[in-house]
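Below is one structure, written out as structure tokens; comments come after it.
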Amino acid sequence: MAVGSCLTRDGGGSPPLEELNQATKEGVRYAKANDWDQVVIDERIKILMILLDGFRAVSTAFSESPDTERRLYGTLNDIRRLLESSTACICVLVGPTTNELIPKLTWYKLATSLATAARMGIKVTAVAPLREETNRTQGTERT
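Using the working numbering, you'd call the opening residue of the sequence shown number 11 and step up by one each time.
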């Protein structure tokens, strides 16, 4: 019998003492019937970092951790596969650096993959990289 079925009142006023006693007995019976040693609660949040395959010094910049997955992609189409195979709750995606025009269909597929991940509960953060070598050099000099 479920605890909710023991409490027949709608919440207005105090329930009779007999109902509270019955609910307590059902709760104790449920607790004794289950093996609580097998209950494992893992509240760590897993993070997926999706980086370009040419990302320099990925091992020194991001240390390995059981809470963080680092995955590299070669093309934008690889990102969908990486998202689908991960169990992460948070995704940080570093966008591609290229001077070439990427086809619209490829961008649409990427947007669909990211929207699907967000719809499935993954918090997605996309980081846009610097575009040109001169910008990258200037950005490095400022930091």
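Built from N, CA and C at the ideal position, the CB exists for glycine as well.
These numbers were taken from a predicted model, which means no experiment stands behind them.
In three-state DSSP terms, what is residue i?
i: VAL38; result: helix
i: ALA138; result: coil
i: ARG114; result: It is Lys, not Arg, that sits at residue 114 in the sequence shown. If DSSP states are grouped into helix, strand and coil, LYS114 belongs with the helices.
i: GLU151; result: Only weak support exists for where GLU151 lies, its pLDDT of 48 falling under 50; the value from the coordinates is given anyway. DSSP places GLU151 in helix when its eight states are reduced to three.
i: LYS56; result: coil
i: PRO25; result: coil
Determine the contact status of residue i and residue j, defining contact as a CB-CB distance below 8 Å.
i: LEU115; j: ILE89; result: no
i: ILE112; j: ILE55; result: no
i: VAL134; j: LEU103; result: yes
i: ALA125; j: LEU93; result: no
i: THR107; j: LEU61; result: no
i: GLY105; j: PRO76; result: no
i: ILE57; j: THR34; result: no
Does the distance between the C-beta of residue i and the nearest non-hydrogen atom of the ligand NAP fall short of 7 Å?
i: PHE65; result: Absence of the ligand NAP from the depicted structure is noted, as is the absence of any ligand whatsoever, leaving it without description.
Review point. With a cut-off of 8 Å, do at least 3 Cβ pairs link the segment 79–87 to the segment 32–47?
Key: no
Check your understanding: Could you give the uninterrupted runs of the beta strand (DSSP E) lying entirely in the segment 70–111, keeping only those of 3 residues or more?
Key -> 78–83 and 100–104
Review point. Okay, do the segment 23–33 and the segment 58–78 touch, 3+ Cβ pairs below 8 Å being the bar?
Key: no
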